[in-house]
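Accompanying notes for the structure given below.
Protein chains: 2
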Amino acid sequence: MEKEEKQIKPVPEPTLRRLPKYINILTKLKRESVQFVSSNTISEELGLDSIQVRKDLSLTGIAGKPKLGFNLDELLHSLYHTLNWDNINDAFLAGAGSLGSALLGYKTFKTYGLNIIAAFDNDPEKIGTTLNGIEILPVEKLTGMIQRMHVNIGVITLPADEAQTVTDMMIDGGIKAIWNFAPVHLKAPKDILIENAQLSQSLGVLTHKLAEKLKSNPL
Amino acid sequence: MEKEEKQIKPVPEPTLRRLPKYINILTKLKRESVQFVSSNTISEELGLDSIQVRKDLSLTGIAGKPKLGFNLDELLHSLYHTLNWDNINDAFLAGAGSLGSALLGYKTFKTYGLNIIAAFDNDPEKIGTTLNGIEILPVEKLTGMIQRMHVNIGVITLPADEAQTVTDMMIDGGIKAIWNFAPVHLKAPKDILIENAQLSQSLGVLTHKLAEKLKSNPL
DNA sequence: TAGATTGTTAATCGATTAACAATC
DNA sequence: TAGATTGTTAATCGATTAACAATC
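If you read the protein sequences in the order shown, they are chains B and V. Using the working numbering, the letters of the first sequence map in sequence onto residues 4 to 222. Using the working numbering, the letters of the second sequence map in sequence onto residues 4 to 222.
Okay, here's the thing in structure tokens:
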């Protein structure tokens, strides 16, 4: 076991979900021209444990300086790199409804490594129009274009009953990863990466906890 | 320790996040007039472990029948009840941008126990208009209306730099829970429930895993 | 040097998974 | 009855937290 070869530990998913929070707060501190930041400062801002912050940060491969903390620029770079947000991944979006359109309007996605280069829909009214400079194309072209353009990420903002069909089309085209907003479980081969972003999951946690809270403390 | 008093175990958060998935698949089965369903059927449909499904379901307080499985209607009811989706919680939304507008258009939220009854914005162009029958009011009215109408849930779909101010206004009015889509950590007293629904968290998991995947298996 | 902060190793906690008894 | 499925108790696994040594 040589010291030389940097031991790469997998980054646990809970940690991955916290990294964007670190980026948020560090970006704010950067605007205030802060140069070094301690795990304690971060943990206080985010209501986390400072040990956890240190553990999370160490998983991105950065080293801090005792007594000083972490160099802000280095740290941000390390976080961006771990999330692969220092690369830009091209993506296709399927379903130009209201949520889809909202996502097409998000210019900040490029900061998050995501570049939606075209959208697909089957509504003739929408096809041919553009949103935020992104053209809306007929769904029939989806498979072929993924193939030709080697697009890796598909974003699904379709109604439940259309999501699986379009998923299959994406997979046929050779998509590698799907970001799914449709309220269904998508079936796909194991080697296709599926990340669900259903609002219902988060909402369920909220409504359940609220009910518990009101039960123990009515009014 | 009497057998009588139903022992109420807290429902772990990972379980809560799976419950909506069960509802999805069970609702589909109900449309197909299925009456009983086994934990195995559910686990196969969702790519989960059947033991986990049984454990999750038992936490909602339902009992299945050996050899038969779970009564579909009872099970759905039990799931809805655990999430408190058999009640309707009134909510105010702040920030009628594209994401906010998309949420205002979601009629299905009522199935998820959420009823957005008014929206707030500070854009004079938007104030006074309605979206999906929901009126957009000036932000100044937010605190007072939460107070008067005893609204428990606030939905925040504002830009990062406005989110904390409006959060404070909601808390002043007596809000109990906040569903936060803004890419910031909201500061609030411990007794205020905050559930974050930031897209960046989910996207970060996707982009990180995709990078790992491409590293080990380029093209 | 003393003190603050990092970073690692160990302990704890909680969720998942396994084993198996209970029941229709 | 035999077989399938539930449901509980125990084992495992992984993430969080604690303890403490290392270092500037």
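From the three backbone atoms N, C-alpha and C, an ideal C-beta is built for every residue, glycine too. This one's a predicted model, so the numbers in the text were calculated from it and none came from an experiment.
Check: Taking a cut of 7 Å between CB atoms, which residues from the region 11 to 29 of chain B lie near chain V?; Outcome: Val14, Glu16, Leu19, Arg20, Leu22, Pro23, Lys24, Asn27, Ile28
Check: Could you tell me if Lys6/V is buried or exposed, where buried requires 16 or more neighbouring beta carbons within 10 angstroms of its beta carbon?; Outcome: Only weak support exists for where Lys6/V lies, its pLDDT of 31 falling under 50; the value from the coordinates is given anyway. Lys6/V should be labelled exposed.
Check: Nearest to Ser46/V by alpha carbon, out of Arg21/V, Lys68/V, His153/V?; Outcome: Arg21/V
Check: Pull up the CB-CB distance for Leu213/V and Asn183/B, whole angstroms please, since I reckon it's below 8 Å.; Outcome: Not a contact, Cβ separation roughly 14 Å.
Check: What do you reckon, are the CB atoms on Leu135/V and Leu107/V nearer than 8 Å?; Outcome: Correcting the residue type first, residue 135/V is Asn in the shown sequence and not Leu. Yes, the pair counts as a contact, with Cβ atoms nearer than the cut-off.
Check: Leaving out five residues on either side along the sequence, give the residues of the same chain with a beta carbon under 8 Å from the beta carbon of Thr114/B.; Outcome: Trp88
Check: Restricting to Cα atoms, I'd like to know which of Lys12/V, Pro69/V, Thr168/V, Ser81/V is closest to Lys190/V.; Outcome: Thr168/V
Check: In this structure, how does DSSP classify Ala163/V when only helix, strand and coil are distinguished?; Outcome: helix
Check: Which runs of the alpha helix (DSSP H), 4 residues or longer, sit entirely within the region 65 to 137 of chain V?; Outcome: 75 to 86, 101 to 107
Check: Closest to Ile197/B by CA distance: which of Leu102/B, Gly207/B, Ala185/B, Ala180/B is it?; Outcome: Ala180/B
Check: Does any C-beta atom of chain B lie closer than 8 Å to the C-beta of Glu138/V?; Outcome: no
Check: May I ask you to check if the CB of Leu75/V is nearer than 7 Å to at least one heavy atom of the ligand NAP?; Outcome: Because no ligand of any kind appears in the structure shown, any question about the ligand NAP cannot be addressed here.
Check: Residues in its own chain within less than 7 Å of Ser81/V by CB, not counting five upstream and five downstream?; Outcome: Thr63, Gly64, Ile65
Check: Are the CB atoms of Gly207/V and Pro17/B nearer to each other than 8 Å?; Outcome: no
Check: Return the Cβ separation of Val40/B and Leu75/B in integer angstroms, given the expectation that the two are a contact with Cβ distance under 8 Å.; Outcome: 6 Å
Check: Looking at the structure shown, is Gln204/V part of a helix, part of a strand, or coil, going by DSSP?; Outcome: helix
Check: On the DSSP bridge assignment, give the partners of Ile157/B in chain order.; Outcome: First, the amino acid is wrong: residue 157/B is Gly here, not Ile. DSSP lists Phe95/B, Ile181/B as partners of Gly157/B.
Check: Strictly below 7 Å CB to CB, what residues from chain B border Gly116/V?; Outcome: Thr210
Check: Give a yes or no on whether the minimum CB-CB distance between Lys9/V and chain B is below 8 Å.; Outcome: For Lys9/V, the predicted structure reports a pLDDT of 42, less than 50, and the residue's modelled location is therefore unreliable. A value from the coordinates is still provided. It does not; no Cβ of chain B falls within 8 Å.
Check: Does DSSP classify Glu16/V as helix, strand or coil?; Outcome: helix
Check: Output yes if chain B places a C-beta closer than 8 Å to the C-beta of Leu206/V; else output no.; Outcome: yes
Check: Where does Leu189/B fall in DSSP's three states?; Outcome: coil
Check: Taking 8 Å as the threshold (beta carbon to beta carbon), is Leu32/V in contact with chain B?; Outcome: no
Check: May I ask you to report which of helix, strand or coil DSSP gives Ile149/V?; Outcome: helix
Check: Do you know offhand how far His100/B's Cα is from Gln38/B's?; Outcome: Per the sequence shown, residue 100/B should be read as Gly rather than His. Those two C-alpha atoms are separated by around 43 Å.
Check: Distance check for His153/B and Pro127/B, CA to CA, integer angstroms please.; Outcome: 26 Å
Check: Considering only the alpha carbon of each residue, which of Asp59/V, Gly147/V, Pro162/V lies closest to Asp175/V?; Outcome: Gly147/V
Check: What are the residues in the region 42 to 68 of chain V lying within 8 Å of chain B by C-beta distance?; Outcome: Glu48, Leu49, Gly50
Check: Give me the Cβ distance between Leu102/V and Ala105/B, rounded to the nearest whole Å; I'm assuming they're in contact under 8 Å.; Outcome: 5 Å
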